[in-house]
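*Asks:* Attaching a single structure in structure tokens format; questions to follow.
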Amino acid sequence: MKAHEIDYHIYGEEMQYVEIELDPQEVVVAEAGSFMMMENGIKMETIFGDGSQQEGGIFGKLLSAGKRVLTGESLFMTAYQNVDFGKRKVSFASPYPGKIVPIDLQQFGGKFICQKDSFLCAAKGVAVGIEFTKKLGTGLFGGEGFIMQKIEGDGMAFVHSGGTLARKELQAGEVLRVDTGCLVGFTKDVDYDIEFVGGIKNTLFGGEGVFFATLRGPGIVYIQS
């Protein structure tokens, strides 16, 4: 299903918010707690899952919601629909200082992978699920970075980062190693794994933990400070 086409504007520097302009009957879906303000004529509704399976029967709804539980998110999200005759605006704020990153899924081949707590909101029709890593060791020892969310579809989605945002464009075969807590997200062609920091001195005295994310291009990676 083609996602709703939403217009937006991001305001602010340190504590940003995104203002989304909805045409009549357009819908944006957001995480609970991200709402900031909205104009008259917008209807709020709590939905089960991410909104992409609302017409897919009870099994589709349960599957969508179950994936969200595995990533530590709520079973429910909030849908904001413009039920008026003209354009109306609704705004969502970052939960902590940093930057809001607009993700046009059409430009990224229909899929973007991000940290489990970085998703903010998206156009209705965008699916929010979970991305399992291929290697068992990644799941067992990856710390906070081993469960990633995948955002799929052809619409706009918004993720937020903490602190200063870095955007790295990796060439084919180029490798970048990142602290698992500093990884915001990456495009679908980036190969992602967890690497053990070798050496007993590094493990005991390095102060950086024992694992970091290894990302291999081609693709785009977003990192937060």
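Letter 189 of the sequence shown, counting from 1, is numbered 317 in the numbering used here, and no numbers are missing. Every residue gets a Cβ at the ideal spot worked out from N, C-alpha and C, and that includes glycine. Here the structure is a predicted model, which means the values were calculated and not measured.
1. At 3 residues or longer, what runs of the beta strand (DSSP E) sit wholly inside the stretch 278-321?
2. State the Cα-Cα distance for the pair residue 301 and residue 281, rounded to the nearest angstrom.
3. Would you kindly work out how many angstroms separate the C-alpha atoms of residue 211 and residue 205, rounded to a whole number?
4. Whole angstroms is fine: what's the gap from residue 267's alpha carbon to residue 167's?
5. Rounded to a whole number of angstroms, what is the C-alpha to C-alpha distance between residue 284 and residue 157?
6. Give the straight-line distance between the Cα atoms of residue 240 and residue 348, rounded to the nearest whole angstrom.
7. Taking the runs of the alpha helix (DSSP H) that are 4 residues or longer, which of them lie wholly in the stretch 223-260?
8. On the three-state DSSP scale, how would you describe residue 404?
9. In chain order, what residues of the same chain have a beta carbon less than 6 Å from the beta carbon of residue 218, not counting five sequence neighbours either side?
10. Take residue 237 as the anchor and find which of 307, 316, 175 has the nearest alpha-carbon.
11. In or out: residue 303 buried (at least 16 other Cβ within 10 Å) or exposed?
12. Check the DSSP bridge columns for residue 275 and list the partner residues they point to.
13. Given a threshold of 16 other Cβ atoms within 10 Å of its Cβ, counted over all protein chains shown, does residue 353 qualify as buried or as exposed?
14. Tell me the rounded alpha-carbon separation between residue 248 and residue 288.
15. Cutting at 8 Å between CB atoms, please list the residues of its own chain near residue 246, excluding the five before and the five after it.
16. At the level of alpha carbons, what is the spacing between residue 344 and residue 321?
17. Compute the Euclidean distance between the alpha carbons of residue 224 and residue 163, then round it to the nearest angstrom.
18. How many angstroms separate the CA atom of residue 244 from the CA atom of residue 258?
19. With DSSP collapsed to three states, give me the class of residue 173.
20. DSSP puts residue 210 in a beta bridge; with which residues?
21. If you draw a straight line from the alpha carbon of residue 216 to that of residue 234, how long is it in whole angstroms?
22. Taking all protein chains shown into account, decide if residue 250 is buried (16 or more other Cβ within 10 angstroms of its Cβ) or exposed.
23. Could you tell me the distance, in whole angstroms, from the CA atom of residue 145 to the CA atom of residue 279?
*Replies:* Taking the structure as given:
1. Qualifying beta strand (DSSP E) stretches, in chain order: 284-290, 293-298, 303-306, 311-315.
2. Cα to Cα, the separation comes out at about 27 Å.
3. Roughly 19 Å between the two C-alpha positions.
4. Legend: pLDDT at residue 267 = 47, less than 50; position of this residue unreliable, no value from coordinates given.
5. Our two residues, residue 284 and residue 157, have alpha carbons roughly 11 Å apart in a direct line.
6. Each residue's alpha carbon lies about 10 Å from the other.
7. If we require 4 residues or more, the stretch 223-260 turns out to have no alpha helix (DSSP H) run fully inside it.
8. Beyond the ends of the chain as shown, which are 129 and 353, falls residue 404; an answer cannot be given.
9. Only 148, 166, 170, 208 meet the Cβ criterion.
10. For residue 237, the nearest C-alpha among the options comes from 316.
11. Around the C-beta of residue 303, fewer than 16 other C-beta atoms lie within 10 Å, and the residue is accordingly described as exposed.
12. Per DSSP, residue 275 has no beta-bridge partner at all.
13. With fewer than 16 other Cβ atoms within 10 Å, it is exposed.
14. Here the alpha carbons of residue 288 and residue 248 stand approximately 7 Å from one another.
15. For residue 246, where only same-chain residues beyond five positions count, the Cβ hits under 8 Å are 277, 287, 288, 289, 312, 313.
16. The C-alpha of residue 321 is placed about 9 Å away from the C-alpha of residue 344.
17. Going by the C-alpha atoms only, they are around 14 Å apart.
18. Between residue 244 and residue 258, the C-alpha separation is close to 8 Å.
19. Three-state result, residue 173: strand.
20. DSSP, once it has assigned bridges, lists 170 as partnering residue 210.
21. Spanning the two alpha carbons is a distance of roughly 24 Å.
22. Burial call: buried.
23. Cα to Cα, residue 145 sits roughly 20 Å from residue 279.
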